[in-house]
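Have a look at this one:
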């Protein structure tokens, strides 16, 4: 049954503070609406047996069953049309540029995706291949999440960024929109370093493509001290005060973990 006015009032602060779909404090609200969601989807629905995934969508749509059903239906259609993504051709070429790749974890133990904004160039990339390469990596990271971990984090490295050469509004719009629509509650944190005078303006142009809960997880970092509170030193480059000397290897792109 729909949440009562009293339940919605109690739920609102929990959602505002970013309570995870797995948190025990959400159980009473989930128990109230989950049966209606399952009834609306039907027992033969592809996600009918994935309670945790359904709960992520419920959280994303503030426990409104009709809106959740609409979001899930669009998601299932999107996955059927776009996945799986093979690391070959133009997609592999994008992956090998080292614009983004997974390495290490954040301080909370979430797998970390590193993004080097200074390596983006909208003048030389293929938009479709770029978007597909991003979601290939996201799918790969999610598939390799350790037991008990349901989210990943992003370290957005702005070193070497030029607004004239590297700003890619069209790509960010496509990625943010698809991320919000198809991966609810998967991003645990986003760390943007170093912040700069132009960043608030650029962020203002694209932040509305992310849902409010996801936007609240993005942290702008100004100092190395702040960065080292969010990421273990072993995964922070020495240039930023950490101890990592890790170098991206294009030859590893498209390989499964351990290959």
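Residue numbers (the UniProt record's numbering): 1 to 259. Don't be surprised by glycine CBs; every beta carbon is placed ideally from N, CA and C. All figures in this text were calculated on a predicted structure; none of them were measured in a lab.
Asked: Alpha helix (DSSP H) segments (min. 4 residues) lying fully within the region 106-130; Found: none
Asked: DSSP beta-bridge partners of residue 11; Found: The partner list for residue 11 (beta bridge, DSSP) is empty, contrary to what the question assumes.
Asked: C-alpha gap between residue 59 and residue 185, whole angstroms; Found: 8 Å
Asked: Near the ligand MN: residue 56 beta-carbon under 6 Å from a heavy atom; Found: The model depicted lacks the ligand MN and carries no ligand whatsoever.
Asked: Inter-stretch contact at 8 Å, needing at least 3 Cβ pairs: the region 89-107 / the region 64-81; Found: no
Asked: Residue burial classification, residue 179 (beta-carbon count within 10 angstroms, cutoff 16); Found: buried
Asked: Whether residue 106 touches residue 153 by CB criterion (7 Å); Found: yes
Asked: Own chain residues within Cβ distance below 8 Å of residue 230, not counting five before or after; Found: 106, 107, 189, 191, 219, 221
Asked: Nearest candidate by alpha-carbon position, reference residue 32, set 177, 6, 42; Found: 6
Asked: Contacts around residue 75, its chain only, beta-carbon distance under 8 Å, and the 5 residues preceding and following it disregarded; Found: 57, 181, 182
Asked: Nearest to residue 139 (by Cα), restricted to the options 102, 61, 199, 197; Found: 102
Asked: Three-state secondary structure assigned by DSSP to residue 29; Found: helix
Asked: Per-residue burial, residue 234 [other beta carbons within 10 Å of its own, 16 or more giving buried]; Found: exposed
Asked: Option in 123, 135, 248 with minimal Cα separation from residue 91; Found: 135
Asked: Buried versus exposed, by CB contacts within 10 Å (16 or more), residue 72; Found: buried
Asked: In DSSP terms, what residue 280 is bridged to; Found: In this structure the chain extends from 1 to 259, so residue 280 is not present and cannot be described.
Asked: Whole-number beta carbon distance between residue 157 and residue 116, since they are thought to touch under 8 Å; Found: 5 Å
Asked: As assigned by DSSP and simplified to three states, the class of residue 236; Found: coil
Asked: Contacts around residue 26, its chain only, beta-carbon distance under 7 Å, and the 5 residues preceding and following it disregarded; Found: 14, 19
Asked: The alpha helix (DSSP H) enclosing residue 164, as first and last residue numbers; Found: 163-166
Asked: Segment limits, beta strand (DSSP E) that includes residue 176; Found: Counting along the chain, residue 176 falls outside any beta strand (DSSP E), though it belongs to the alpha helix (DSSP H) covering 169-182.
Asked: Nearest-angstrom beta carbon gap, residue 187 and residue 214 [assumed within contact, 8 Å]; Found: 6 Å
Asked: Reference residue 195, options 226, 175, 173, closest by Cα; Found: 226
Asked: Residue environment, residue 241, which counts as buried when at least 16 other CB atoms sit within 10 Å; Found: exposed
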